[in-house]
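J.: Handing you a structure now.
In the numbering used here, the protein residues as written are 33 to 606.
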């Protein structure tokens, strides 16, 4: 292994043409993200670094055959857990899509398993051909309005900062704690100067508070007005396009030549099947180009901009002194990626991972017994009513945001039962970490379920067990099935399990090969379609975010119905 001085000397020698570069790429069109131009010159790579752009000879010649050479994409904010597979498996999915680095927040597994979960994610992603950088979860628990599986203080997080792949503090979502200068939150903010935000629903004053606290980024803008307010206050704008939250089309008009350097792309939460079908950050770039953005600008927002934001000084460009992370594309407009290189090594080709076999990484022992729920009885799901006016969670398709609906039922009854014709279903959240017995009950409109029950242990952010259904019997069966599976997704109709997917690691993702998990997801979708669901609507993804109390307007936690506008729990009955 060469020391740093020897490496630098070798880089200089190869750049100066005193020795042959390891690899030289010829006949390519370089995407110059600094000048916004295309240049047709050779690219010299030595010991994993780009050392020259010009005229070079090398030990190995790669003929780009007129293709574009683009810098590897960086996902500026992603929760790997939402892919339903481990980091090693996630890497094999996103690398063929030109993603060579990600900034991840292991917030989900940390809220179930604490520091042990973070360490698993770091260990499992070590030494793979995807650079996985970490932001430390700032909000474990996410809020005081629900029960989760662990508590992480500043002292618990501090040791992780010694790892070179740990960049800073992840999305700060407990706004009241920041506003009120909560001691524990202030101690976390003091850990680092690299801090991500989560400004969902914040007005200008709220954003001022976040910026005054040193928070630099936000990925929760959903309108041009919100995006502009963040940029005005010097925040980096992360434009999200995931499986549920699809904000790119709405936000793209805010991006102008003078503010583009403060804008970048992220996926945040994206399911495995969507990653395989449409891609990762490459999908964001293609969509931006389709909406009229200049291709080089879109590529810059997916590469150089996040590299600058997160202090990755050797990433994000095809230029000397930058890591040889790049891909070939035949067309910038369509961005069909043909080959992907990491540190100069071929790792992806024609949509397939072709790098070294990754296996499954570190062991998940200790993370497999996390669903702690006793027997559920029918009376546990009883929602008493004294009037016919109720508060309802209103689903907005393809959005994390919900509407607080005030619904008048046609008849006054002693308890609420699902009204399928009006798409009003019963919903319950079971605390699943500490055997507290907490059960939050509510009513949801917009899940489109005509029969049976759906349930999952993916319930952002505390990841309790959430179920919704048309009848109590199927709901109870679904809860018991998830308890026996120790986490996952399940669909029950008339006492029969129509589809099930086991997610044994913290009840959030699988320890199996991504191809097997995807096969089961496809089976799941077929079962949903056969029972009347619109193929374009994923009720499980929607359900998993109906428990997120830091997103407007109203959600359900294990402590009951929560109204974010007043930051308190409210009754189902009005």
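Beta carbons are placed, not taken as given, at the ideal position from N, Cα and C, and that holds for glycine. Quick caveat, the model's predicted, so the values are computed rather than measured.
When we look at the beta-carbon of residue 416 and count the other beta-carbons within 10 Å, is it buried (16 or more) or exposed?
T.: exposed
J.: In this structure, how does DSSP classify residue 69 when only helix, strand and coil are distinguished?
T.: strand
J.: Around the Cβ of residue 37, are there at least 16 other Cβ atoms within 10 angstroms (buried) or fewer (exposed)?
T.: exposed
J.: Fully enclosed by the region 374-431, which beta strand (DSSP E) runs are 3 residues long or longer?
T.: 377-381 and 421-427
J.: Give me the Cα-Cα distance between residue 86 and residue 75, rounded to the nearest whole angstrom.
T.: Spanning the two alpha carbons is a distance of roughly 7 Å.
J.: I believe residue 392 touches residue 128 by the beta-carbon criterion, under 8 Å. Please report the beta-carbon distance rounded to the nearest angstrom.
T.: Incorrect: roughly 19 Å between the Cβ atoms, too far for contact.
J.: Determine, using beta carbons only, whether residue 177 and residue 594 come nearer to each other than 8 Å.
T.: yes
J.: Drop a sphere of 10 angstroms on the beta-carbon of residue 66, count the other beta-carbons inside from all chains shown, and report buried for 16 or more, exposed for fewer.
T.: exposed
J.: Three-state secondary structure (DSSP) at residue 490?
T.: It is coil, neither helix nor strand.
J.: Looking only at its own chain, which residues have a Cβ that is under 6 Å from the Cβ of residue 483, when we skip the five neighbours before and after it?
T.: 502 and 525
J.: Taking 6 Å as the limit between beta carbons, can you name the residues of its chain near residue 50, skipping five residues before and five after?
T.: none
J.: Please report the distance separating the alpha-carbon of residue 89 from that of residue 236.
T.: Their Cα atoms are separated by approximately 55 Å.
J.: Any idea what DSSP makes of residue 202, helix, strand or coil?
T.: strand
J.: For the candidate residues 389, 328 and 340, whose alpha-carbon lies nearest to that of residue 361?
T.: 328
J.: Using three-state DSSP, classify residue 60 as helix, strand or coil.
T.: coil
J.: Using DSSP with H/G/I as helix, E/B as strand and the rest coil, what is residue 103?
T.: strand
J.: Looking at the unbroken beta strand (DSSP E) that takes in residue 592, where does it start and where does it end?
T.: 592-595
J.: Can you grab the Cα-Cα spacing for the pair residue 481 / residue 454, in whole Å?
T.: 11 Å
J.: Confirm the yes/no value for this check: CB of residue 310, any heavy atom of the ligand COA, distance under 7 Å.
T.: Absence of the ligand COA is noted for the structure shown, with no ligands found whatsoever.
J.: Hey, could you find the ends of the beta strand (DSSP E) residue 333 is sitting in?
T.: Where residue 333 is concerned, there is no enclosing beta strand (DSSP E), although the alpha helix (DSSP H) around it starts and stops at 327-333.
J.: At 3 residues or longer, what runs of the beta strand (DSSP E) sit wholly inside the region 274-352?
T.: 295-298
J.: In the DSSP assignment, the alpha helix (DSSP H) including residue 520 goes from what residue to what residue?
T.: Careful: residue 520 lies outside any alpha helix (DSSP H), inside the beta strand (DSSP E) at 520-525.
J.: Go to residue 457, then tell me how far its alpha helix (DSSP H) extends in each direction, as first and last residue.
T.: Where residue 457 is concerned, there is no enclosing alpha helix (DSSP H), although the beta strand (DSSP E) it sits in stretches over 456-462.
J.: Does the separation of the CB atoms of residue 414 and residue 447 fall below 8 Å?
T.: yes
J.: Which full runs of the beta strand (DSSP E) of 3+ residues lie inside the region 118-164, going along the chain?
T.: 131-136
J.: Considering only their Cβ atoms, is the gap separating residue 404 from residue 342 smaller than 8 Å?
T.: In this structure, residue 404 does not lie closer than 8 Å to residue 342 by Cβ.
J.: Measuring alpha carbon to alpha carbon, tell me which residue in 294, 233, 349 and 301 is nearest residue 273.
T.: 301
J.: Within its chain, find whatever has a CB closer than 6 Å to the CB of residue 157; leave out the 5 residues flanking it on each side and keep chain order.
T.: Closer than 6 Å at the Cβ level, and outside the excluded window around residue 157, lie 119 and 164.
J.: Which of the three DSSP states, helix, strand or coil, is assigned to residue 362?
T.: coil
J.: Output the distance between the C-alpha atoms of residue 425 and residue 434, rounded to the nearest integer angstrom.
T.: 7 Å
J.: Could you have a look at residue 172 and say whether DSSP puts it in helix, strand or coil?
T.: coil
J.: Between the Cα of residue 375 and the Cα atoms of 349, 367 and 280, which residue gives the shortest distance?
T.: Per the Cα distances, 349.
J.: Roughly how many angstroms lie between the CA atoms of residue 532 and residue 560, to the nearest whole one?
T.: 11 Å
J.: Where do the N-terminal and C-terminal ends of the beta strand (DSSP E) with residue 77 fall, by residue?
T.: Taken as a continuous stretch (DSSP letters only), the beta strand (DSSP E) holding residue 77 covers 74-78.
J.: Just mark residue 244 as buried or exposed, buried being the case when its beta carbon has 16 or more other beta carbons within 10 Å.
T.: exposed
J.: One question on the structure: do residue 422 and residue 605 come within less than 8 Å of each other, judged by their Cβ atoms?
T.: yes
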